[in-house]
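According to the numbering used here, the sequence shown is numbered sequentially starting from 4.
Even glycine gets a Cβ: it sits at the ideal position worked out from N, Cα and C.
In this text the structure is predicted, and so the values were computed from the model without any measurement.
Okay, structure first, notes after.
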Amino acid sequence: MIRADVHEGWTVRAAGGPVPAGIADEPVPASVPGTVHTDLLDAELIPDPYLGENEADLVWFHRAAWLYSTTVTVAPAADDERVDLVFEGLDTIAAIEFGGVELGRTANMHRSYRFDVRDRLRDGAIPLSVRFDSALDYAEDLQKVLGERPRPYPHPFNAIRKMACSFGWDWGPDLQTAGIWKPVRLERWRVARLASVRPLATLDPDGTGRLVVHVDVEHARLGADREVVAEVRLGEHVSQIRLREGETSGMTEILVPDAPAWWPIGYGAQPLVDVGVTLRDDDEELDAFHTRVGFRTITLDETPDEIGSAFTLVVNGRPIFVRGLNWIPEDHLLTRLNRDVYAAAIQRAADANTNLLRVWGGGIYESDDFYDLCDERGILVWQDFPLACAAYAEEEPLRSEFLAEARENIGRLTPHPSLAVWNGGNENIWGHEDWDWKPQLNGQTWGAGYYYELFPALLAELDPTRPYHPGSPSSPGHDPEVIHPNDDRYGTRHEWEAWNRQDYTYHANFVPRFCSEFGWQAPATWSTLRESLAPEDFDQESPAFLLHQKAEGGNDKLNAGIAHHLPAPSGFEDWHWAAQLNQARATAYAIGHLRGHAPRTMGSILWQLNDCWPVTSWAVVDGAGRLKPAWYALRRSYAPRLLHFRDDSLVVVNDSPEAWRGTARLRRAGFSGEVAAEQSVDVEVAARSISVIALDAELTTPGDATREVLVADLDGLRATRLFAEDFDLAYDPAPVTADISPAEGGYSITVTATSFARDVAVLADKIDPDAYVDDMLVDLLPGESHTFGVRTTSADKRAFGGPAVLRSANTLVAGA
4 MIRADVHEGW
14 TVRAAGGPVP
24 AGIADEPVPA
34 SVPGTVHTDL
44 LDAELIPDPY
54 LGENEADLVW
64 FHRAAWLYST
74 TVTVAPAADD
84 ERVDLVFEGL
94 DTIAAIEFGG
104 VELGRTANMH
114 RSYRFDVRDR
124 LRDGAIPLSV
134 RFDSALDYAE
144 DLQKVLGERP
154 RPYPHPFNAI
164 RKMACSFGWD
174 WGPDLQTAGI
184 WKPVRLERWR
194 VARLASVRPL
204 ATLDPDGTGR
214 LVVHVDVEHA
224 RLGADREVVA
234 EVRLGEHVSQ
244 IRLREGETSG
254 MTEILVPDAP
264 AWWPIGYGAQ
274 PLVDVGVTLR
284 DDDEELDAFH
294 TRVGFRTITL
304 DETPDEIGSA
314 FTLVVNGRPI
324 FVRGLNWIPE
334 DHLLTRLNRD
344 VYAAAIQRAA
354 DANTNLLRVW
364 GGGIYESDDF
374 YDLCDERGIL
384 VWQDFPLACA
394 AYAEEEPLRS
404 EFLAEARENI
414 GRLTPHPSLA
424 VWNGGNENIW
434 GHEDWDWKPQ
444 LNGQTWGAGY
454 YYELFPALLA
464 ELDPTRPYHP
474 GSPSSPGHDP
484 EVIHPNDDRY
494 GTRHEWEAWN
504 RQDYTYHANF
514 VPRFCSEFGW
524 QAPATWSTLR
534 ESLAPEDFDQ
544 ESPAFLLHQK
554 AEGGNDKLNA
564 GIAHHLPAPS
574 GFEDWHWAAQ
584 LNQARATAYA
594 IGHLRGHAPR
604 TMGSILWQLN
614 DCWPVTSWAV
624 VDGAGRLKPA
634 WYALRRSYAP
644 RLLHFRDDSL
654 VVVNDSPEAW
664 RGTARLRRAG
674 FSGEVAAEQS
684 VDVEVAARSI
694 SVIALDAELT
704 TPGDATREVL
714 VADLDGLRAT
724 RLFAEDFDLA
734 YDPAPVTADI
744 SPAEGGYSIT
754 VTATSFARDV
764 AVLADKIDPD
774 AYVDDMLVDL
784 LPGESHTFGV
794 RTTSADKRAF
804 GGPAVLRSAN
814 TLVAGA
């Protein structure tokens with residue numbers, strides 16, 4: 004097998020649609036892999052769609068057509084040789100021509116395509132072109148044939164196999180990319196090739212590793228099948244799969260006594276083992292495949308109980324409380340992503356004590372880099388099939404596309420030990436029950452056949468080693484018309500009533516078995532706003548700011564949420580801090596609630612880790628990769644050990660492998676420092692357990708609700724409870740002093756409280772966009788100090804202690 008990339012010499016030019024004259028006139032150099040957007044950006048022919056109101060100025064892209072062109076010089080094929088042109092990904096409606104002859108047409112960005120070109124090769128340069136037509140035009144035409152089906156947004160993203168959020172979402176831009184978004188290559192081979200290799204590694208209870216390898220081969224010429232051997236090697240273990248004439252598939256199993264066990268982060272190590280498969284014919288190597296596997300067994304405990312039924316992920320026989328984050332594409336312009344970008348994003352998740360990322364169903368099957376990095380870091384992956392928030396036709400041509408993409412990606416992802424759960428899609432079953440779809444559908448198919456038949460059948464055939472969940476949310480095993488798909492007693496639940504209509508304290512009304520979506524919005528960090536908006540757009544109602552707020556009524560919901568707890572901010576800068584602070588508190592409240600009800604609740608997947616551009620959203624890391632205050636609240640809330648107040652009790656969460664023993668100190672103290680009541684409580688919590696400690700009434704009954712706080716301290720961890728909302732509290736408006744001194748890589752900022760200071764933060768990015776702060780949202784009693792480490796190259800030391808940078812809830816209330 005000889006593989007050669009076809010990435011050089013490409014150009015792209017407009018081929019139709021409302022393309023502005025200055026862009027339509029001439030071809031421009033094209034990067035492959037790439038997209039038209041990134042090529043035109045590189046050529047400085049379009050403005051950055053992420054900035055200001057530029058997104059709205061580029062809507063002409065939606066109806067445009069584009070032609071990629073290059074030439075290929077390749078030797079003609081020998082009589083016994085096959086030559087294939089392979090496209091790993093085309094986005095999306097493409098027609099491929101080679102040597103002036105059309106090879107085929109495509110309509111799915113989630114799969115690859117292979118064309119036999121051996122009979123089209125000749126001496127000299129051969130023209131190769133790929134024309135991309137409007138995905139929106141295609142989807143609109145197809146829905147006319149298949150019938151329109153319900154969806155939450157105007158464009159019919161559910162009538163085409165393209166990343167759904169490419170058409171816009173309530174946190175994403177509507178850009179509708181087009182291009183050769185994955186690698187292209189020529190493959191020369193003879194006799195046979197490895198068409199598919201599926202290694203399935205599991206771990207028996209006695210520690211024996213099992214590696215089952217399935218191999219599919221394709222022969223170079225029909226009727227010329229010859230016996231070939233696939234040799235599988237795992238360390239010193241070697242096994243052969245002999246495929247005789249006419250056979251195209253086989254399997255073998257290798258047993259590994261005392262195999263190294265792969266564990267999620269926080270439960271053990273992540274050893275990865277090399278696996279190689281070599282295809283031979285008479286001792287000549289024809290093709291080879293290399294990957295890594297990890298030995299572990301993952302199951303889903305859905306045992307019925309007196310409540311409903313459990314929903315617990317079990318790895319190597321050990322129940323795992325999922326501390327998860329939802330993952331969307333890290334950049335809307337996907338081809339700008341590389342291994343370093345993925346590594347930084349996944350590291351931000353790991354640093355926040357996350358053990359699972361859910362690849363959400365409105366995005367893509369992620370790149371190999373993503374899963375490789377999760378394997379190495381021990382981050383479990385929950386993988387949605389890419390269907391989201393809509394009804395999907397089950398007729399052709401969509402059905403075959405779903406089948407092809409699912410088959411290919413299930414096979415591609417089998418080696419990865421991090422891949423823990425396959426999920427049928429996002430909110431589709433819920434939507435069918437609750438969102439007034441049924442009258443609109445009037446008996447049309449809507450996707451049930453995918454969730455309940457096609458996907459589980461494919462997994463049973465290709466990968467029976469991982470659990471499958473029909474949809475998030477859903478109550479598996481029950482008719483959704485009888486047991487609601489969002490019933491908190493079964494399966495998975497999404498909690499969006501809190502954000503959309505209530506308050507984050509609404510979480511206390513439900514104790515789900517597993518909460519796979521919940522969250523709260525806030526704007527991006529100050530530096531990211533400065534990079535993406537003009538100064539005059541720092542206004543909730545400016546057109547540019549609203550273009551970067553995609554949620555329906557988003558700012559109204561932000562303001563309503565703030566009003567539940569905080570005084571009305573006096574200006575945009577205070578509003579920005581109030582919104583970010585409220586997001587952080589909502590994050591901590593919801594996660595504390597969920598973790599405090601283990602083992603009834605065994606999973607928390609916050610919406611969301613990341614953004615794909617600069618936007619007001621539910622992300623804890625903004626589109627520039629900067630940490631919002633909510634990230635720090637998340638890190639503290641997802642720490643293995645957590646203190647949390649619930650009503651008149653202290654909840655002690657111990658998700659560590661050792662018992663937690665210590666003495667908790669509880670105080671009801673005035674803001675000026677006097678202690679009104681105090682209690683010491685001996686705490687002993689077994690590993691992976693919680694304890695709920697009822698508190699004495701003298702601790703939980705304030706003398707003056709506006710001037711007192713309940714504080715619990717244990718082994719360096721702290722929980723605080725106020726007795727009134729911030730707008731009623733008699734905070735000292737200037738509760739801290741700061742001492743700033745040089746330190747390696749930046750400064751140490753030691754903050755000392757003269758009165759109770761709540762949610763002390765150093766918003767260092769206001770001074771240096773590249774600054775990093777090691778902690779945030781610290782509560783201090785009078786006389787206590789906390790040192791913040793700021794990594795920065797700024798020489799303006801004093802600025803980091805300024806009133807716009809050194810913030811707290813106190814200053815927000817005082818400003819109002």
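Y592 sits away from L780, with the two beta carbons spaced by 9 Å or more.
In the displayed model, I163 falls within coil according to three-state DSSP, outside both helix and strand.
Contact annotation, W621 with G175: C-beta distance approximately 12 Å; criterion of less than 8 Å not satisfied.
Inside the region 712 to 780, DSSP marks whole beta strand (DSSP E) runs of 3 or more residues at positions 720 to 725, 739 to 746, 749 to 756 and 760 to 765, from first to last along the chain.
Judged by pairs of C-beta atoms under 8 Å, the region 684 to 697 does not touch the region 727 to 739, as fewer than three such pairs exist. Take L336, set aside five residues on each side of it, and the residues of its chain with a beta-carbon closer than 8 Å to its own are T38, H40, T41, L178 and T180, in chain order. Annotation for R410: the continuous alpha helix (DSSP H) segment containing it runs L401 to L416. E333 counts as buried, since at least 16 other C-beta atoms from the protein chains shown sit within 10 angstroms of its C-beta. Contact check for G279 against F292 passes: the beta carbons are separated by less than 9 Å.
In the DSSP assignment, I96 falls within the beta strand (DSSP E) that extends over I96 to F101. Here N356 carries a coil assignment [DSSP, helix/strand/coil].
In the structure shown, the three-state DSSP call for Q583 is helix.
The Cβ neighbour count for A812, taken over all protein chains shown within 10 Å, is at least 16; the residue is labelled buried. Counted as a single uninterrupted DSSP element, the alpha helix (DSSP H) harbouring F548 occupies residues P546 to L550. C518 carries a strand assignment under DSSP once its states are collapsed to helix, strand and coil. Put simply, the backbone Cα of N562 is about 8 Å away from that of A582. In this model, H435 and Q273 are separated by some 40 Å (Cα to Cα).
When Cβ pairs closer than 8 Å are counted between the two stretches, the region 133 to 143 is seen to touch the region 54 to 74, the count reaching three or more.
At the C-beta level, L43 and V31 come within 9 Å of one another. Cβ contact annotation for P50 (same chain, cutoff 6 Å, sequence separation greater than five): N57, in chain order. With respect to L237, D286 sits apart: the two C-beta atoms are not nearer than 9 Å.
Sequence-distant Cβ neighbours of P570 in its own chain, meaning closer than 8 Å and more than five residues away, are D729, F730, L815, V816 and A819. Taken atom to atom, the span from the alpha-carbon of V241 to that of R295 is near 15 Å. Between the C-alpha atoms of F118 and R361 there is a straight-line separation of about 34 Å. Bridge pairing for W523: absent [DSSP].
Here R664 is exposed: its Cβ has fewer than 16 other Cβ atoms, across all protein chains shown, within 10 Å. With a beta-carbon spacing of about 5 Å, T604 and L597 fall inside the 8 Å limit used to define contacts. V216 sits in a strand when the DSSP states are folded into three classes. The Cβ atoms of D778 and F759 lie no closer than 9 Å to each other.
Taking D771 as the centre and dropping the five residues before and after it, the same chain places the C-beta of T795 and S797 closer than 6 Å to its C-beta, in chain order. A distance below 6 Å between beta-carbons, with the five flanking residues on each side excluded, links T109 to the following residues of its chain, in chain order: L93, A97 and Y116. DSSP lists Y116 and V187 as the bridge partner or partners of F90. For D144, the secondary structure class from DSSP, reduced to helix, strand or coil, is helix.
With respect to Q350, R380 sits close: the two C-beta atoms are nearer than 9 Å.
Per DSSP, the unbroken beta strand (DSSP E) holding Q243 starts and ends at H240 to L246. Per DSSP, reduced to three states, the secondary structure at L532 is helical.
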